[in-house]
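Asker: In the numbering used here, the protein residues as written are 191 to 315. All residues carry an ideal CB built from backbone N, CA and C; glycine is no exception. Note that this is a predicted model, so its numbers are computed, not measured.
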């Protein structure tokens, strides 16, 4: 059969904080989720090199870069998921995002590379 569903199983260990009971009725929030297109049974691509963002927070310009990955596109979203802009990389493999276009707050950048995608938080001061 064609499987269009990706399922994850998490094993939570309760500590000093409340993590819920792990049931289907519990709500969990995840941050910095990364995935890559990896063939089943392959160890290739399991480690994604981090994409750096500087400065962060920024007032005028964010620069995204990674010396080992090819960034193909960056899509900027507001924190509530509204698409704000799509930015293409410069010739040197970095991506500049004009932070001066946005009011102070938190934004999300979906960085698309040749090996997968990563969502980064951008802070505007």
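Which term fits residue 258, buried or exposed, when burial requires 16 or more other beta carbons within 10 angstroms of its beta carbon?
Answerer: Label assigned to residue 258: exposed.
Asker: Contact check, residue 269 vs residue 295 under 8 Å by CB: the rounded distance?
Answerer: Going by Cβ atoms, the distance from residue 269 to residue 295 rounds to 7 Å, so yes, they are a contact pair.
Asker: Residue 275 lies in the beta strand (DSSP E); which residues open and close that run?
Answerer: Segment 273-277, the beta strand (DSSP E) holding residue 275.
Asker: Taking the alpha carbon of residue 299 as the reference point, which residue from 245, 312, 279 has its own alpha carbon closest?
Answerer: Here the closest residue by C-alpha is 312.
Asker: Closest by CA to residue 275, which one among 283, 282, 260, 292?
Answerer: Looking at the Cα atoms, 292 is the closest of the given residues.
Asker: Have a look at 297, 285, 290 and flag the residue whose alpha-carbon is nearest the alpha-carbon of residue 263.
Answerer: Cα-wise, what sits closest to residue 263 is 285.
Asker: What is the residue span of the beta strand (DSSP E) that residue 281 lies within?
Answerer: Here residue 281 belongs to no beta strand (DSSP E), and DSSP marks it neither H nor E.
Asker: Any idea what DSSP makes of residue 235, helix, strand or coil?
Answerer: In this prediction, residue 235 has a pLDDT of 49, which is less than 50 and means its spatial position is unreliable; what the coordinates show is noted afterwards. In this structure, residue 235 counts as coil in the three-state DSSP scheme.
Asker: Who are the near neighbours of residue 260 in its chain, counting only those whose CB is closer than 7 Å to its CB and skipping five residues on each side?
Answerer: Same-chain partners within the cutoff: 283, 303, 304.
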